[in-house]
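*Asks:*
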Amino acid sequence: MEIWPGKPYPLGATFDGTGTNFALYSSIADKVELCLIDDDLNEERIPLTEVDADVWHCYLPGIRPGQRYGFRVHGPFDPENGHRCDPSKILLDPYAKAIDGQVENHQANFSYDFTDPSQRSEIDSLGRTMLSVVINPYFDWGHDRPPNHEYHDSIIYEAHLKGMTMLHPDIPEKLRGTYMGMAHPAMVSYLKNLGITALELMPIHQFVNDTSLIEKGLSNYWGYNTIGFFAPQNTYSSSGTRGEQVDEFKALVKAYHEAGIEIILDVVYNHTAEGNHMGPTLSFRGIDNSSYYRLVPDDKSHYFDTTGTGNSLNMSSPHSLQLIMDSLRYWVEDMHVDGFRFDLASTLARELHAVDKLSSFFDIIQQDPIISQVKLIAEPWDIGENGYNVGEFPPLWTEWNGKYRDTMRDFWRGEPATLSEFASRLTGSSDLYEHSGRRPFASINFVTAHDGFTMRDLVTYHEKRNEANGENSMDGESHNRSWNCGAEGPTDDPDIKALRNQQIRNFLTTLLVSQGVPMISHGDEVGRTQHGNNNVYCQDNELSWMNWELDTEALEILEFARAIIQFRKDHPTLRRRRFFKGAAEVGGSSDRGDIVWMRNDGADMQDEDWGTWFAQSIMVWLNGAGIKEPDNRGNRVWDDDILIAFNASDDDLEFTIPPSKVDLPWHAKFATDDADFVGTELLPGDTFTVNSRGIRILIRETYAQQQAQTAKVATLTHSSTTV
Numbered sequence: 000m001e002i003w004p005g006k007p008y009p010l011g012a013t014f015d016g017t018g019t020n021f022a023l024y025s026s027i028a029d030k031v032e033l034c035l036i037d038d039d040l041n042e043e044r045i046p047l048t049e050v051d052a053d054v055w056h057c058y059l060p061g062i063r064p065g066q067r068y069g070f071r072v073h074g075p076f077d078p079e080n081g082h083r084c085d086p087s088k089i090l091l092d093p094y095a096k097a098i099d100g101q102v103e104n105h106q107a108n109f110s111y112d113f114t115d116p117s118q119r120s121e122i123d124s125l126g127r128t129m130l131s132v133v134i135n136p137y138f139d140w141g142h143d144r145p146p147n148h149e150y151h152d153s154i155i156y157e158a159h160l161k162g163m164t165m166l167h168p169d170i171p172e173k174l175r176g177t178y179m180g181m182a183h184p185a186m187v188s189y190l191k192n193l194g195i196t197a198l199e200l201m202p203i204h205q206f207v208n209d210t211s212l213i214e215k216g217l218s219n220y221w222g223y224n225t226i227g228f229f230a231p232q233n234t235y236s237s238s239g240t241r242g243e244q245v246d247e248f249k250a251l252v253k254a255y256h257e258a259g260i261e262i263i264l265d266v267v268y269n270h271t272a273e274g275n276h277m278g279p280t281l282s283f284r285g286i287d288n289s290s291y292y293r294l295v296p297d298d299k300s301h302y303f304d305t306t307g308t309g310n311s312l313n314m315s316s317p318h319s320l321q322l323i324m325d326s327l328r329y330w331v332e333d334m335h336v337d338g339f340r341f342d343l344a345s346t347l348a349r350e351l352h353a354v355d356k357l358s359s360f361f362d363i364i365q366q367d368p369i370i371s372q373v374k375l376i377a378e379p380w381d382i383g384e385n386g387y388n389v390g391e392f393p394p395l396w397t398e399w400n401g402k403y404r405d406t407m408r409d410f411w412r413g414e415p416a417t418l419s420e421f422a423s424r425l426t427g428s429s430d431l432y433e434h435s436g437r438r439p440f441a442s443i444n445f446v447t448a449h450d451g452f453t454m455r456d457l458v459t460y461h462e463k464r465n466e467a468n469g470e471n472s473m474d475g476e477s478h479n480r481s482w483n484c485g486a487e488g489p490t491d492d493p494d495i496k497a498l499r500n501q502q503i504r505n506f507l508t509t510l511l512v513s514q515g516v517p518m519i520s521h522g523d524e525v526g527r528t529q530h531g532n533n534n535v536y537c538q539d540n541e542l543s544w545m546n547w548e549l550d551t552e553a554l555e556i557l558e559f560a561r562a563i564i565q566f567r568k569d570h571p572t573l574r575r576r577r578f579f580k581g582a583a584e585v586g587g588s589s590d591r592g593d594i595v596w597m598r599n600d601g602a603d604m605q606d607e608d609w610g611t612w613f614a615q616s617i618m619v620w621l622n623g624a625g626i627k628e629p630d631n632r633g634n635r636v637w638d639d640d641i642l643i644a645f646n647a648s649d650d651d652l653e654f655t656i657p658p659s660k661v662d663l664p665w666h667a668k669f670a671t672d673d674a675d676f677v678g679t680e681l682l683p684g685d686t687f688t689v690n691s692r693g694i695r696i697l698i699r700e701t702y703a704q705q706q707a708q709t710a711k712v713a714t715l716t717h718s719s720t721t722v
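For the sequence shown, the positions run 0 to 722 when numbering that gives the first Met the number 0 is used.
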């Protein structure tokens, strides 16, 4: 075989149509061998003799896509000083674009003896671990264009690719649980008809099935255990794992873009699947342990862990930062994704110990012309010291708003003294984001997510039911802010069942009328249940999969969800680009400002009303003429007036339509407590009842009247000119 010097960049395996360039960074290695593996696990070792700035490289003519390979890195095995080179382990390329096979729970993958961890184990891991694959980078994207939805117009749908497709009757069985299943027209049309603008996929980077779960007969269903930051998960491929997974993922993106839906990836750059010092040697650990991982300063044989998984990537290392940036850029430029949600993002901002808004990670993201222009969503916490950082990320970032989740759950389960907090979260959480120059869309609002109860379980269970996880229900969050509506678990009581469905409508409505970006967890739009399990990370079965056999109850919730999503899309007042200011708009439909908070008697809220501990109802008037902001083309934005009455108390309450100088009726559009109310017409001074734990929404069509008046003036002007 001819061996040419090749180039040190780009890192990884790069096929150019004739051959493949291989490049691997290791500052600690004494010797690196590239290993080519055939279908029978025969290995050909090629010493890399070219080294530039700690990058070992070569070019092999004739090596084509589908070729499996790995690396053996020779160097110091000195855990006390942070070095763990082990040439008996065939290592994954950190830049591998595709990965073949799975990791076995076998002694060969560990560099210590199971019977005596103080002793080394040098059993060869070939045949027991994953292998990197050379891919064909070329793909016919056709006329693919990113939808480029503005943040404030976005409606995100968080979904698990396998869970969404495994039981869908219209998807061919061989495609279920795969990229092509998710790209199937039945799935694309369902999500398009639902009205979402972005599909946020739970981890599809190549991950490892935890050995501890395998021993229990379980598996890592969620996938927050990444080993390949460039490679799509191979078990989600329907056609093969020698690069086919790459083409399938690209086809998925292309299909959703054609439907006008963005693809956002949930990415896990805070740690890897190699775990703590007792974990396997699969890639980074054996290549350059101290460059890629944060080590305990006084004991470099152990890892500094702020993720709860055993290790944390070393964000003070330029090579770790380069890995992350190269990965992000690859997924944007080559795979055409539209944004990222960063798992445990606080860990990425830790330089030494503290979370630093001026960290290298934030700086390098800010300066990148590609990554800075896509959607960037932080999960703004980790388990380290001072790790909860909601509202503290820099201006470029949006955040999962955990305070929104907690407040809305408390409000609708009837917790006292939540009214002022409720109002703040409903209007975009300016207390969290305005100080840094950010706008309402910095708040990614959610009531439920993959981690925790589904919306159905949130109104059905007070206590988690995690026995199936094999941890005596000790795992998962215990403080869920849930309310079972009067009975724990399933019930035949019609009143409790009705109340639970009403609460689901309340949560969906509150979410969709809140300023910021709403995020729906998959299945909440049909009342999906996990039977009380709030931590299905290891349940790759019907407990966690979406059930598509929708009964009448589920179909009614789905119809409501579609309607309230469309209502949001129809009304720019509900998705403002700027925070409410309250200043009056001359000539507007209301001289009372862009937002007014009122008691149920129609009078303005006073300071003492906000502080009343038992206050659980409120009415808000959104002035359609008070948006005060142009659209992207500079046109003045108008909307109808919107009046929303919230009643989270145990009692039915009478609300009064407030007085107005505008002589137009209000029309009832939504009622979570009584569908018969929809269509009712009311005038200022009229009263209406909102039943216990209900929401009612009315609109006054000032925009339609203004449009009609404009058209009338234009017609008269035209007629006069003609005469």
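Glycine is no exception: its CB is placed at the ideal position from the N, C-alpha and C atoms.
Do you know how far the Cα of SER315 is from the Cα of GLU79?
*Replies:* Near 20 Å, if we compare the C-alpha coordinates of SER315 and GLU79.
*Asks:* In angstroms with no decimal places, state the Cα-to-Cα distance between MET129 and ARG437.
*Replies:* Straight-line spacing of the CA atoms in MET129 and ARG437 works out to 43 Å.
*Asks:* How is PRO78 classed by DSSP in three states: helix, strand or coil?
*Replies:* helix
*Asks:* Once the 5 residues before and after THR13 are set aside, which same chain residues still bring their CB inside 7 Å of it?
*Replies:* THR19 and ASN20
*Asks:* Have a look at ILE564, GLY526 and SER543 and flag the residue whose alpha-carbon is nearest the alpha-carbon of GLU555.
*Replies:* GLY526
*Asks:* Pick helix, strand or coil for ASP51, following the three-state DSSP scheme.
*Replies:* strand
*Asks:* Would DSSP call GLU243 helix, strand or coil?
*Replies:* helix
*Asks:* On the DSSP letters alone, give me the boundaries of the beta strand (DSSP E) that VAL595 sits inside.
*Replies:* 594-597
*Asks:* With three or more beta-carbon pairs closer than 8 Å as the criterion, would you say the stretch 291-302 touches the stretch 179-186?
*Replies:* No, because fewer than three Cβ pairs between the stretch 291-302 and the stretch 179-186 fall closer than 8 Å, the two stretches do not touch.
*Asks:* Give a yes or no on whether the C-beta atoms belonging to LEU731 and ILE263 are separated by under 9 Å.
*Replies:* The shown model of the chain, from 0 to 722, leaves out residue 731, and the question about it has no answer.
*Asks:* Which of the three DSSP states is assigned to ARG63 in this structure?
*Replies:* DSSP places ARG63 in coil when its eight states are reduced to three.
*Asks:* Rounded to whole angstroms, what's the CA-CA distance from GLY180 to GLY162? Just pull it up for me.
*Replies:* 11 Å
*Asks:* Between THR509 and PHE654, is the Cβ-Cβ spacing less than 9 Å?
*Replies:* no
*Asks:* Between ASP152, THR426 and TRP609, which lies nearest to GLY581 when the distance is taken from Cα to Cα?
*Replies:* THR426
*Asks:* Identify, in the order they occur along the chain, each residue of the same chain with its Cβ nearer than 7 Å to the Cβ of LYS568, setting aside the five sequence neighbours on each side.
*Replies:* GLY194
*Asks:* Pull up the distance between the alpha-carbon of SER500 and that of TYR189, whole angstroms please.
*Replies:* The residue asked about is misnamed: residue 500 is Asn in this sequence, not Ser. Approximately 22 Å between the Cα atoms of the pair.
*Asks:* With the cut-off set at 9 Å, would you say ILE27 and ASN288 are in Cβ contact?
*Replies:* yes
*Asks:* Thinking just about the alpha-carbon of each residue, which of TYR58, GLY623 and GLU103 is nearest to the one in GLU214?
*Replies:* Closest by alpha carbon: GLU103.
*Asks:* Nearest to ASP325 by CA position, among TYR8, HIS521 and PRO439, is which residue?
*Replies:* TYR8
*Asks:* Identify which residue in SER345, PRO136, ASN465 and GLU157 has its Cα closest to the Cα of PRO379.
*Replies:* SER345
*Asks:* With a Cβ-Cβ cutoff of 9 Å, do LYS513 and ARG577 count as a contact?
*Replies:* The sequence given here places Ser at residue 513; Lys does not occur at that position. For SER513 and ARG577, no; Cβs fall outside 9 Å.
*Asks:* Would the stretch 559-573 count as touching the stretch 407-424 if we require 3 or more Cβ pairs under 8 Å?
*Replies:* no
*Asks:* Given this structure, state the Cα-to-Cα distance separating GLN66 from LEU91, to the nearest angstrom.
*Replies:* 13 Å
*Asks:* Less than 9 Å between the beta carbons of GLY227 and PRO93, yes or no?
*Replies:* yes
*Asks:* Could you have a look at TRP330 and say whether DSSP puts it in helix, strand or coil?
*Replies:* DSSP, reduced to helix, strand and coil, places TRP330 within a helical segment of the structure shown.
*Asks:* Enumerate in chain order the residues of its own chain whose CB-to-CB distance from ILE2 is below 7 Å, with the five nearest sequence positions on each side excluded.
*Replies:* ILE45, CYS57 and LEU59
*Asks:* So, is ILE203 buried or exposed, given that buried needs 16 or more other C-beta atoms within 10 angstroms?
*Replies:* buried
*Asks:* Just mark PHE113 as buried or exposed, buried being the case when its beta carbon has 16 or more other beta carbons within 10 Å.
*Replies:* Under this definition PHE113 is an exposed residue.
*Asks:* Could you give the DSSP three-state label for LEU681: helix, strand or coil?
*Replies:* strand
*Asks:* When you compare only the Cα positions, how much space is there between GLU157 and ASP523?
*Replies:* Cα to Cα, the separation comes out at about 10 Å.
*Asks:* On the DSSP bridge assignment, give the partners of ALA661 in chain order.
*Replies:* Checking the sequence, you will find Val at residue 661 rather than Ala. In DSSP, VAL661 forms no bridge with anything.
*Asks:* Counting beta carbon pairs with one atom in the stretch 396-405 and one in the stretch 626-644, are three or more of them shorter than 8 Å?
*Replies:* no
*Asks:* Name the DSSP beta bridge partners of HIS56, please?
*Replies:* ALA22 and GLU49
*Asks:* Could you give the residue range of the beta strand (DSSP E) that holds ASP640?
*Replies:* 640-646
*Asks:* Measuring CB atoms only, is the stretch 453-461 touching the stretch 430-445, in the sense that at least three cross pairs come out at less than 8 Å?
*Replies:* no
*Asks:* Between SER117 and SER87, which are expected to be in contact by the criterion C-beta below 8 Å, what is the C-beta distance as a whole number of angstroms?
*Replies:* So it is not a contact: roughly 17 Å between Cβ atoms.
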